[in-house]
Every structure is written in structure tokens, then in C-alpha cells.
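Encoded as C-alpha cells, the structure appears first; notes follow it.
Residue numbers (the numbering used here): 64 to 152.
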């Protein structure tokens, strides 16, 4: 699922944040098909690592928002990856 074009799109999309790009690339590598179900599985497999979870939260966290919603951080990450890969429903 992952190729150089998608790698460059991810770099630009995530503003060259190497932590998030590395996680995104690992998700790409885990996907065998370009489907929503495959994306869910790949993200779940990758985010088993607590360290990666904190990187996602840090990237999507707005310090001005008093209500920290961890679900939103992970959902936003999933939606961003889906848009880069143009995932099929």
C-alpha cells in the first residue's frame, strides 16, 4: 500500500514531524489492502506501542483546549492517514 509518493504526501501532511511520519509509515507497511478495515487493523497493531500512542496524542493535542479527548486524537490520526492513502470504505 505504501510507495514513495505516499511517503512524500505523509511528510508534507504531517509537516515533516518525524515521529508521526514514522508511525504513519509503519501503518502503511502493515496494510495489505487499501480498505477501511485494513486501516483499522494496521493502526490497532501499530498503536499497541504506548510510546507511539503518546506521540499521536502530543501531535493532535491542543494545549488551549481544556477538554482532552484521547479518542479524538486517534480518530483524527486515522482520518488523516485515510485521506493520504485515499482508503476505500
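We put the beta carbon where it would ideally sit given N, CA and C, even for glycine.
Asked: Can you check the segment 112-150 for any beta strand (DSSP E) of at least 3 residues that lies completely inside it and give the ranges in chain order?; Found: none
Asked: What do you get for residue 86, buried or exposed, if any count of 16 or more other CB atoms within 10 angstroms of its CB means buried?; Found: buried
Asked: With distance defined between alpha-carbon atoms, name the residue in 104, 119, 80 and 126 nearest to residue 93.; Found: 104
Asked: First and last residue of the alpha helix (DSSP H) that includes residue 102?; Found: 99-109
Asked: Going by alpha carbons, who is nearest to residue 109 out of 147, 67, 137 and 75?; Found: 137
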